[in-house]
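Chemist: In case it helps, numbering that gives the first Met the number 0 puts the sequence shown at residues 0 to 265.
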Amino acid sequence: MALKKEHALEARILGDQLADLRAGLFVSMPISAILSGLILTVQALSGGGFAAAIWFLVVNAINAARLGLARYQLKETGHQDDLTGISQRLRRFGILALLAGFAWSFLAVLTAGYTTPQAPLHLIILAGISAGAVTYGSSYAAAAINFITPPLLITAACLLATGNFEAYVLAFAVLLFLGGLVRAVFVGQARFREASRLTHEAERLAAEMERNSREDHLTALLNRRGLEHAISQLENKDGPFVAMLIDLDGFKSVNDTYGHRTGDEL
0 MALKKEHALE ARILGDQLAD LRAGLFVSMP ISAILSGLIL TVQALSGGGF
50 AAAIWFLVVN AINAARLGLA RYQLKETGHQ DDLTGISQRL RRFGILALLA
100 GFAWSFLAVL TAGYTTPQAP LHLIILAGIS AGAVTYGSSY AAAAINFITP
150 PLLITAACLL ATGNFEAYVL AFAVLLFLGG LVRAVFVGQA RFREASRLTH
200 EAERLAAEME RNSREDHLTA LLNRRGLEHA ISQLENKDGP FVAMLIDLDG
250 FKSVNDTYGH RTGDEL
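1. Work out the CA separation of Glu193 and Arg223 for me, nearest whole Å.
2. Hey, could you find the ends of the alpha helix (DSSP H) Val186 is sitting in?
3. What does the alpha-carbon distance come out to for the pair Phe55 and Leu39?
4. In whole angstroms, give me the CA-to-CA distance for Lys4 and Glu202.
5. Apart from the five residues just before and just after Val26, which ones in its own chain have a Cβ nearer than 8 Å to its Cβ?
6. Using 10 angstroms around the beta-carbon of Ala28, count the other beta-carbons present and answer buried if the total reaches 16, otherwise exposed.
7. Could you spell out the range, first to last residue, of the alpha helix (DSSP H) harbouring Val241?
8. Report the rounded CA-to-CA distance for Leu97 versus Leu24, giving the unit in angstroms.
9. Tell me the rounded alpha-carbon separation between Ala51 and Ser195.
10. In terms of residue numbering, what span does the alpha helix (DSSP H) encompassing Phe92 cover?
11. Could you tell me if Gly131 is buried or exposed, where buried requires 16 or more neighbouring beta carbons within 10 angstroms of its beta carbon?
12. With respect to the alpha helix (DSSP H) encompassing Pro119, which residues constitute its N-terminal and C-terminal limits?
13. On the DSSP letters alone, give me the boundaries of the alpha helix (DSSP H) that Ser231 sits inside.
14. List the endpoints of the continuous alpha helix (DSSP H) containing Ala140.
15. Less than 8 Å between the beta carbons of Leu177 and Ala166, yes or no?
16. Can you give me the C-alpha to C-alpha distance between Thr83 and Ile30, rounded to a whole angstrom?
17. Quick check: the Cα distance between Ile61 and Thr161, rounded to an integer number of angstroms?
18. Just checking my contact of Leu20 with Ala142 at CB under 8 Å: how many whole Å lie between their CB atoms?
19. May I ask you to list the residues that DSSP assigns as paired with Glu9?
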């Protein structure tokens with residue numbers, strides 16, 4: 000029983016993570032589309048429009064898939080305690096985030112290893128979208144990490160390959176930035192899960208207290224309040240219904256004289 004309750008609680012926490020991740024996508028995906036459009040514009044003006052157009056289409060196709068998955072799952076009516084099902088849904092978002100991360104890694108190709116005059120602008124946009132991924136996806140660390148790790152690692156590798164001191168310093172800064180984002184997203188996920196856990200445990204405790212207030216704690220039978228509640232639930236249903244009340248004369252004296260165990264047996 001305890002294990003079943005633990006699984007149900009974990010499923011509800013994952014469900015909260017899934018809901019928060021979906022909500023964040025409806026904000027972050029339009030921002031991603033705008034930023035990718037800015038990169039396309041800059042590349043087109045600098046003479047690299049064809050490759051940038053292909054990249055732009057790929058990035059936004061993945062964005063559309065992520066939004067489509069989020070919208071589809073808003074309509075999905077799976078059981079909220081289905082731990083396996085919710086885990087699989089979160090995993091799909093993680094896979095799409097990884098694909099998006101690889102797509103953004105191709106900024107290194109568009110800028111010839113971050114050596115073109117437009118490279119600083121691309122680096123700024125990449126840093127911004129990486130921070131945004133952590134901001135809007137911190138409830139589920141895997142998705143954010145899958146997105147930010149490929150482009151930032153490839154950026155650091157390209158800068159190291161440049162071979163000058165300034166590039167080495169910038170590569171170190173990129174790796175430090177990546178490490179900070181990874182730590183931040185794990186901290187954010189831990190705090191989100193703890194808040195979700197406390198919320199659901201409070202709801203469960205309130206439900207137990209409400210149920211106990213309607214039952215006799217010795218016999219588990221409905222008390223007066225529980226009976227009134229049960230009758231009120233039947234008001235909108237077709238009858239007839241019968242309620243039988245049994246009044247045992249002197250029952251209190253039996254309990255007081257012989258104890259509650261004897262009273263329960265009686």
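Don't be surprised by glycine CBs; every beta carbon is placed ideally from N, CA and C.
Modeler: A quick look at the data gives this:
1. When rounded, the distance between both Cα atoms is 38 Å.
2. Val186: member of the alpha helix (DSSP H) spanning Phe164 to Asn211, first to last residue.
3. Annotation: Phe55 to Leu39 spans about 7 Å, alpha carbon to alpha carbon.
4. For Lys4 and Glu202, the distance between alpha carbons rounds to 13 Å.
5. Cβ contact annotation for Val26 (same chain, cutoff 8 Å, sequence separation greater than five): Tyr135, in chain order.
6. Contrary to the premise, residue 28 reads as Met rather than Ala in this sequence. Buried, since its Cβ has 16 or more Cβ neighbours within 10 Å.
7. That residue, Val241, is in no alpha helix (DSSP H); it is neither H nor E in DSSP.
8. Each residue's CA atom was taken as its position, placing Leu97 and Leu24 some 14 Å apart.
9. So the alpha carbons of these two residues sit roughly 42 Å apart.
10. Counted as a single uninterrupted DSSP element, the alpha helix (DSSP H) harbouring Phe92 occupies residues Leu82 to Ser104.
11. Gly131 comes out buried.
12. Ala118 to Gly136 is the span of the alpha helix (DSSP H), which, as asked, contains Pro119.
13. That run of the alpha helix (DSSP H) goes Arg223 to Gln232.
14. Counting along the chain, Ala140 sits inside the alpha helix (DSSP H) bounded by residues Ala140 to Thr161.
15. For the pair Leu177 and Ala166, the CB atoms are not nearer than the 8 Å cut-off.
16. Just so you know, the alpha carbons of Thr83 and Ile30 end up roughly 32 Å apart.
17. Computed Cα separation, rounded: 31 Å.
18. Indeed they touch by this definition, with Cβ atoms about 6 Å apart.
19. Glu9 pairs with nothing; no bridge assigned.
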